[in-house]
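Visitor: Just so it is clear: in the sequence shown, position 80 is 208 by our numbering, and no numbers are missing.
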Amino acid sequence: MLTFPDVIRLKAVEDGRMIGFVAGDPRPRDGWGWIATIAVDPRFQRRGVGTALLHQCESKLGVPRARLTVRMSNNGAISLYEREGYQVIDVWRAYYNDGEDAIVMEKTL
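Right, dumping it as structure tokens:
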């Protein structure tokens, strides 16, 4: 997915080290894009890095809505997405390799 030509790939860097990244997949024909992956080094979490990456990716998608999936157990990420205006639209059962469910969330940009 990260090698597709239209995928948005952004990273956060501090002191020459990557501390976070995000990838977005714009789907203009569908009217939305996926925030395909977002991660922040645990040593740098809760400092606004994830929020900044999310905002930058959203702004570059060029579509009216953004969607993402998040592990049902990832309360920190779910709280971030809810604060940023994402709402639950579906649950995908046993989505992850370990059998955990995914929450599908969407935001109007």
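Positions of the beta carbon are idealized from the N, C-alpha and C atoms, including for glycine.
If I measure Cβ to Cβ from ASP169 and keep anything under 6 Å in the same chain, skipping five residues before and after, which residues do I get?
Guide: ILE147
Visitor: Our contact map puts ALA194 next to ILE163 with C-beta atoms below 8 Å; I'd like the distance itself, whole angstroms only.
Guide: 6 Å
Visitor: Give the C-beta separation of VAL141 and ASP153 to the nearest angstrom, bearing in mind that I take them to be a contact with Cβ-Cβ under 8 Å.
Guide: Contact flag wrong, Cβ pair sits at about 22 Å.
Visitor: Around the C-beta of LYS139, are 16 or more other C-beta atoms found within 10 angstroms, so that it is buried, or is it exposed?
Guide: exposed
Visitor: Apply the 10 Å Cβ neighbour rule to ILE217 and answer buried if 16 or more other Cβ atoms are within range, or exposed otherwise.
Guide: ILE217 should be labelled exposed.
Visitor: So, with DSSP's three-state summary, where would you put ARG137?
Guide: strand
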